[in-house]
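Protein chains in written order, with this note's numbering: chain A, 1 to 106; chain B, 1001 to 1155. Okay, so here's the structure we're looking at.
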Amino acid sequence: MNASQRRPSVEIFSMLFGIVYLTCFYMDWAPFRYYPDPRRFHINVTPQDGPAILWYGWVTAATAVSAVVALLVPRLLAERLRPGWAWIVPLIIVILMLIYERRWFV
Amino acid sequence: MIVALLIVHGLLAVALLGAITHQAWSVVPRRGGAGSLSFAERFRSVDSSAYATAIVVLFVVTAIGGALLYPQYRLDVRTALEDLQLRSANGVFEIKEHLVAIGLGLLPTYWLFWKTHLAPEQTAARRYLTWLLAFIVWWSFLVGHVLNNIKGLLP
């Protein structure tokens, strides 16, 4: 992939996606929650509606934040990134997630 | 309706698993000479780049299917697992949902690396991206099927 073919903003999107997703998950924050029992979306926490699904909100937040940042980063700056980071950063995210999720198995 | 969706989700996952496994195997560096007719060699001797778009589409469609099934899982299956005190079963599913999300984020870069002409030093990045995606698909497939059949698997 030469310089003209390379799309560093796409690589930035993929790198940031996992970081934003994992941060939202770790902070237990989502822009919205889905309550499957009453089949309703809520911005606020409403425990009386039963168990909530935050996953949709985490994916939405990761998509939106990563896309905006990827578009805002100047191309010259983005091109300094080595292509290897495109898989190293997601791999680190996966490893961190697995370490955190050990809590289910102890 | 939910059963039909679950079956379609499972079938799409099988197609995705086959495609990503072919591709992941095809990028393993070769050691022996070319021309071997072993099963493994034939399995890997595919046009790897032809799989990329199909894998992206299958991954997204399968993930959407999983997202549609998720509310039912959250209400029925997860509650049952909690009642049975199967913490590890809940844990492997939690990992599955995180892996699928991370995989969704990887797809644009994965596709770009397969669809543009790479410099030789960038093929390693493409290989590791493919293997990471293959790990995500294999984990999701196995966990999905084990949890779907967990009542039959328990003594």
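Just so it is clear, CB atoms sit at the ideal spot from N, CA and C, and this is done for glycine as well.
For the options 1140/B, 1142/B and 1111/B, the alpha carbon positioned closest to that of residue 1127/B is the one of 1111/B. Distance from the CA atom of residue 1066/B to the CA atom of residue 1141/B, rounded to whole angstroms, is 11 Å.
Listed along the chain, the chain B residues whose CB falls inside 9 Å of the CB of residue 92/A amount to none; the nearest CB is some 11 Å away. Interface with chain A (9 Å Cβ-Cβ cutoff): residue 1102/B is included. When secondary structure is reduced to three states using DSSP, residue 53/A falls in the strand class. Looking at 1048/B, 1031/B and 1038/B, the one whose alpha-carbon comes closest to that of residue 1018/B is 1048/B. For residue 1023/B, the nearest beta carbon of chain A is not closer than 9 Å to its own beta carbon.
Under the DSSP definition of a beta bridge, residue 42/A partners with 33/A. When CB distances to chain B are screened at a threshold of 8 Å, the residues of the segment 70 to 85 of chain A falling below it are 83 and 84, in chain order. Contact between the segment 1091 to 1109 of chain B and the segment 18 to 30 of chain A is present, with at least three C-beta pairs closer than 8 Å. Looking at 1145/B, 1098/B, 1119/B and 1154/B, the one whose alpha-carbon comes closest to that of residue 1007/B is 1145/B.
Contact annotation: residue 36/A and residue 1118/B have beta-carbon atoms that are not nearer than 9 Å. Looking only at 1147/B, 1004/B and 1015/B, the smallest Cα-Cα distance to residue 1090/B is reached by 1147/B.
Residue-level contact by beta carbon holds for residue 1091/B and chain A, with a gap shorter than 9 Å. Legend: CB atoms of the segment 10 to 22 of chain A lying less than 7 Å from CB atoms of chain B belong to residues 10, 11, 13, 14, 17, 18 and 21. Within chain B, no C-beta atom comes nearer than 8 Å to that of residue 29/A; the closest sits roughly 15 Å away. Each of 1070/B, 1046/B and 1021/B was checked against the Cα of residue 1134/B, and the nearest Cα belongs to 1021/B.
DSSP, read as helix, strand or coil, puts residue 1001/B in coil. Contact between residue 22/A and residue 99/A is ruled out by a C-beta separation of about 11 Å, above the 8 Å threshold. For the C-beta of residue 62/A, the chain B residues within less than 8 Å are, from N- to C-terminus, 1101 and 1105. In the three-state reduction of the DSSP assignment, residue 1082/B falls in the helix class. Only residues of its own chain outside the window of five on either side were considered, and among them 1062, 1065, 1066 and 1069 have a CB closer than 7 Å to the CB of residue 1009/B, listed in chain order.
Taking a cut-off of 8 Å for Cβ pairs, the segment 73 to 82 of chain A and the segment 41 to 61 of chain A do not touch, as fewer than three such pairs fall below it. The C-alpha of residue 48/A lies about 13 Å from the C-alpha of residue 41/A. If you draw a straight line from the Cα of residue 45/A to the Cα of residue 33/A, it is about 7 Å long. For residue 103/A, no alpha helix (DSSP H) run applies, since DSSP gives it neither H nor E. At least 9 Å separates the beta-carbon of residue 1005/B from that of residue 1058/B.
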